[in-house]
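Everything below concerns the one structure shown next.
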Amino acid sequence: MPIIRRIFVLFCLVRFCLSFSQEIKKQESTTVFIDLKDKSIASYSINKAVTKAQFNFYYKGYETKQARDKGLKKFRNDPENSLNEPSFTYTLYSSSCFSSNPKPPEKIYTLKGVDYITLEKFRENNLQSSSRVYILHKLKNGTYLKWETSMIDFN
Numbered sequence: 001m002p003i004i005r006r007i008f009v010l011f012c013l014v015r016f017c018l019s020f021s022q023e024i025k026k027q028e029s030t031t032v033f034i035d036l037k038d039k040s041i042a043s044y045s046i047n048k049a050v051t052k053a054q055f056n057f058y059y060k061g062y063e064t065k066q067a068r069d070k071g072l073k074k075f076r077n078d079p080e081n082s083l084n085e086p087s088f089t090y091t092l093y094s095s096s097c098f099s100s101n102p103k104p105p106e107k108i109y110t111l112k113g114v115d116y117i118t119l120e121k122f123r124e125n126n127l128q129s130s131s132r133v134y135i136l137h138k139l140k141n142g143t144y145l146k147w148e149t150s151m152i153d154f155n
């Protein structure tokens, strides 16, 4: 009888613990389609092997040199900011950027069936996403590259 009681107690304990577990949800992603000639792109770099990339975007309102100069002047006039320099750009690195074994981006031949937003829409959200961000851009030959990216904050 004690063995049945132990099994029953163990069974109840397992069910109790499982009642607090959460369902694992598939992480959604945000794919941002960019035109590499867009004025809201501060800079970008892609290595020759096309395995690593870096994309720098201006924050909304700082696309022009005049706006950045005005923001810099305002920043420097605040005594609390005397030690820092402001950043007017947001940087996304390809996930393979800091890897010793870089993975190339996904090559896509058509945008049919690809769920994406524009860079302007992404900037409306202050370049923020609660999910993985992919950068999609068109090549000269008409195909597309889809980069898995990460944001690293050095501040």
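Numbering-wise, the sequence shown is residues 1 to 155 according to our numbering. In this text, a Cβ means the ideal position worked out from N, Cα and C, and glycines have one as well.
One thing to note: S94 has its Cβ no nearer than 7 Å to the Cβ of K37.
In this structure, V32 is the residue among I7, V32, A67 with its C-alpha nearest to the C-alpha of R123. Beta-bridge pairing by DSSP links L111 to no other residue. Between the beta-carbon of Y109 and that of L136 there is about 12 Å, and that puts the pair past the 8 Å contact cut. By the C-beta criterion, the segment 134–148 is judged to be in contact with the segment 90–107, since at least 3 inter-stretch pairs fall below 8 Å.
Annotation for E148: the continuous beta strand (DSSP E) segment containing it runs 144–150. When DSSP states are grouped into helix, strand and coil, E124 belongs to the helix group. As the crow flies, the alpha-carbon of N77 is around 12 Å from that of P86. Shown here for S99: not one same chain residue has a beta carbon closer than 7 Å to its own, the five before and five after excluded. T91 sits buried, since 16 or more C-beta atoms from the chains shown fall within 10 Å of its C-beta.
Counting along the chain, the unbroken beta strand (DSSP E) around K138 starts and ends at 132–138.
Proximity to K138 across T118, S29, R5, T89 peaks at T118, based on C-alpha coordinates.
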